[in-house]
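Working notes for the structure below.
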Amino acid sequence: NAGVTQTPKFQVLKTGQSMTLQCAQDMNHEYMSWYRQDPGMGLRLIHYSVGAGITDQGEVPNGYNVSRSTTEDFPLRLLSAAPSQTSVYFCASQDAGEETQYFGPGTRLLVL
Amino acid sequence: AQRVTQPEKLLSVFKGAPVELKCNYSYSGSPELFWYVQYSRQRLQLLLRHISRESIKGFTADLNKGETSFHLKKPFAQEEDSAMYYCALKTGANNLFFGTGTRLTVIP
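Here the protein sequences come in this chain order: A and B. Position 62, counted from 1, in the first sequence is what the numbering used here calls 62; the numbers after and before it change by one each time, with no gaps. Position 60, counted from 1, in the second sequence is what the numbering used here calls 1060; the numbers after and before it change by one each time, with no gaps.
Next comes the structure, spelled out in structure tokens:
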């Protein structure tokens, strides 16, 4: 199992550009989530999904969209990037019967 | 609203010394707490969960509802314990609310 994979590893955007951060898991986990990690602020939940076709907002959803068309994939879209979205983004997944969240390696995003 | 407080951003201890990473929480529901760890160049991973009351890599953590704390302890620190440690509170669904983290450095 590859676990949770994220692409790209690093991305530079200009203000106003759009892009999609990819996240995939091969563990058949129903729950998936996106966090952003900023210095001094820990990890904050952006969006989450409890299954295919179901998504909901987390603590800091503004500026981000998500969809969950399959169990495996949970992409995060930035429609119009802003410098405030410069951060490290982590995707995670969890099985319904477990207490452990499995994290991806992260995507480092720089918005100029 | 929920809150997870880790008062120490940085903590340095000597090898072999005891270590305690503090975590306090505020939550209106029944708390479920976790410690996650991120070693250098590795993914964030679960270290401990309060429900299992287990000891992992020599670390233990006890949930104290009276003091609303979930401090992480180890009697003898090792160099390989150097990492970033996050305390996390489970809220709705499987959502985790993280503290700001403590970077532990074990000095040889």
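Ideal Cβ positions, reconstructed from N, Cα and C, are used throughout, including at glycine. Bear in mind that the values here come from a model prediction, so they are computed numbers and not experimental data.
If you check each beta-carbon in the region 1082–1097 of chain B against every beta-carbon of chain A, the ones closer than 7 Å belong to Y1086, A1093, N1094, N1095 and L1096. T55(A): member of the beta strand (DSSP E) spanning I54 to Q57, first to last residue. In the three-state scheme derived from DSSP, where H, G and I count as helix and E and B as strand, E30(A) is classed as coil.
A Cβ-Cβ separation of about 18 Å leaves L1096(B) out of contact with A1083(B) under the 8 Å criterion. Put simply, of L112(A), E99(A) and D95(A) the residue whose alpha carbon is nearest the alpha carbon of H29(A) is D95(A).
Residues of the same chain with a CB within less than 6 Å of the CB of R77(A), apart from the 5 flanking positions on each side, are T20 and N65 in chain order. At a beta-carbon threshold of 8 Å, none of the residues of chain B lie near V88(A); the nearest stands roughly 10 Å away. Among the residues facing chain B, F103(A) is included, as its CB has a counterpart in that chain under 7 Å away. Taking a contact to require three or more Cβ pairs closer than 8 Å, the region 51–64 of chain A and the region 1002–1009 of chain B do not qualify as touching.
Judged by DSSP in its simplified three-state form, S49(A) adopts strand.
Using a Cβ-Cβ cut-off of 9 Å, R1043(B) is close to G3, V4, F90, Y102, F103, G104, P105 and G106 of chain A, given in chain order.
Here Q25(A) is near V4(A), since their CB atoms are less than 7 Å apart. By the rule that beta-carbons nearer than 7 Å mark a contact, L21(A) does not touch chain B.
Cα atoms of S1069(B) and Q1038(B): separation of roughly 21 Å, rounded to the nearest angstrom. Annotation for M32(A): S49, F74 and S93 place their beta carbon closer than 6 Å to its own, counting only its chain and skipping 5 residues before and after. Residue-level contact check: G51(A) does not touch chain B, since none of the beta carbons of chain B fall below 7 Å from its beta carbon.
F1098(B) and L109(A) do not touch by the CB rule: their CB atoms are close to 19 Å apart, not below 8 Å.
In the three-state DSSP reduction, S84(A) falls in the helix class (H, G or I).
Nearest CB-CB separation between Y48(A) and chain B: below the 7 Å threshold. Judged by DSSP in its simplified three-state form, D1062(B) adopts coil rather than helix or strand. Cβ atoms of P83(A) and T15(A) come within 8 Å of each other, at about 6 Å.
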